[in-house]
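In the UniProt record's numbering, the protein residues as written are 1 to 238.
Each residue gets a CB set at the ideal place from its N, CA and C atoms; glycine is no exception.
Beneath this line is the structure, given in structure tokens, with notes to follow.
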Amino acid sequence: MAISGLVYTHGASYGSQLLNLKYRNEHAHGGKLACAMRDAQTTRLQRGMHVVAHVCVPYAAARLRRHAWRLCETWRRALHGVEAAWGLACVLNLMVFLYDGRYRSVVDRVLGMRLVYGTRDAGRQVSFEFMNRQLVWHAFTEFMMYVIPLVNLSSLRTRIARTLQGNSGQAHGNLHGSVCAICFGRSGNVRTSYVHTPYKSGCGHVYCYYCVKSAMMADPSFPCPRCGEVITSIEKVV
1 MAISGLVYTH GASYGSQLLN LKYRNEHAHG GKLACAMRDA QTTRLQRGMH
51 VVAHVCVPYA AARLRRHAWR LCETWRRALH GVEAAWGLAC VLNLMVFLYD
101 GRYRSVVDRV LGMRLVYGTR DAGRQVSFEF MNRQLVWHAF TEFMMYVIPL
151 VNLSSLRTRI ARTLQGNSGQ AHGNLHGSVC AICFGRSGNV RTSYVHTPYK
201 SGCGHVYCYY CVKSAMMADP SFPCPRCGEV ITSIEKVV
């Protein structure tokens with residue numbers, strides 16, 4: 001709706017204006033490739049019908065398709081026939097457009113509105129700065145998509161946190177045996193850090209199975225938060 005409104009008020013959409021394009025009244029040029037330096041402006045009727053064809057007609061067609069099940073069989077067949085005819089017309093118009101380059105859509109052809117250069121003597125110098133920037137970002141994103149799955153982010157995060165905190169391997173050595181040091185390290189609350197499904201590490205300290213197992217999977221050299229020894233194996237506490 002906004003784009004069609006711009007065509008009505010300015011004679012072209014913002015995208016067309018960026019490409020130095022505007023609509024002209026091709027009927028006033030006899031439908032030929034005129035070489036006149038001045039283009040005929042489109043009429044209000046043409047621009048108004050352009051808005052109706054691109055806003056009102058698609059909306060009405062969508063509403064009609066949504067409620068087509070309420071119609072009788074004859075009307076449904078007629079609706080399908082109209083849609084098929086419209087699709088065929090669009091395909092034929094595309095083929096003709098690729099041949100002569102005049103009307104890019106069926107609506108433009110019916111209304112006689114053709115996109116032409118707004119300024120014919122504009123410079124044709126091409127700037128590849130934007131294209132180069134897009135290619136660089138595209139290559140960088142593809143590289144990151146391949147590299148990121150190969151990086152163990154959990155292990156990297158643990159190593160960075162361990163480096164920033166210094167020797168934190170024995171930071172929770174004074175906690176009570178019924179408290180999971182891993183849970184406490186995450187929440188900092190003793191009441192919510194009691195051991196559930198207890199498993200004992202090789203150094204003899206007890207942790208929640210989920211906590212210690214997930215920590216070992218994320219970092220194979222995960223140190224015990226109580227004594228600092230690397231946890232290599234765990235066993236269930238009976």
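Beta-carbon spacing of residue i, residue j below 8 angstroms
i: G118; j: L21; result: yes
i: S16; j: L88; result: no
i: C208; j: C227; result: no
i: H205; j: C224; result: yes
i: S193; j: S187; result: yes
i: residue 262; j: T42; result: Beyond the ends of the chain as shown, which are 1 and 238, falls residue 262; an answer cannot be given.
i: H29; j: A40; result: yes
i: T158; j: D219; result: yes
i: C180; j: C211; result: yes
Sequence-distant residues of the same chain with beta carbon closer than 7 angstroms to residue i, five excluded per side
i: R109; result: N93, Y103
i: R44; result: none
Close-in-space but distant-in-sequence residues of the same chain around residue i (CB under 6 angstroms, 5 per side omitted)
i: E26; result: G112, R114
i: R76; result: A68
i: V96; result: none
i: L33; result: With a pLDDT of 48 at L33, under the threshold of 50, the predicted position of this residue should be treated as unreliable, and no value is reported.
Length of the line joining the Cα atoms of residue i and residue j
i: T74; j: A139; result: 54 angstroms
i: A53; j: C72; result: 26 angstroms
i: C56; j: V107; result: 13 angstroms
i: R191; j: V230; result: 26 angstroms
i: A78; j: Y59; result: 18 angstroms
i: V82; j: L98; result: 24 angstroms
i: L135; j: Y146; result: 17 angstroms
i: S178; j: F222; result: 21 angstroms
i: A61; j: A85; result: 14 angstroms
i: R70; j: H80; result: 14 angstroms
i: E129; j: E142; result: 20 angstroms
i: L64; j: C90; result: 20 angstroms
i: G185; j: L175; result: 11 angstroms
Boundaries of the beta strand (DSSP E) in which residue i is found, first to last residue
i: I234; result: 234 to 236
i: residue 245; result: There is simply no residue 245 to check, as the chain begins at 1 and stops at 238 in what is shown.
Same chain only: Cβ atoms within 8 angstroms of residue i, ignoring 5 sequence neighbours per side
i: P198; result: V206, Y207, C208, Y209, K236, V237
Limits of the alpha helix (DSSP H) - the one that residue i falls within
i: S16; result: 14 to 18
i: H50; result: 44 to 51
i: Y59; result: 57 to 66
i: A181; result: 181 to 187
Just list the alpha helix (DSSP H) runs in the stretch 77 to 153, keeping only unbroken ones of 4 residues or longer that don't cross its boundaries, in chain order. Positions of the alpha helix (DSSP H) runs, each at least 4 residues long and wholly inside the stretch 77 to 153, are given as 106 to 111, 129 to 147 in order along the chain.
Report the start-end ranges of each beta strand (DSSP E) in the stretch 202 to 232 that is 3 residues or longer and not cut off at the edges. 206 to 208
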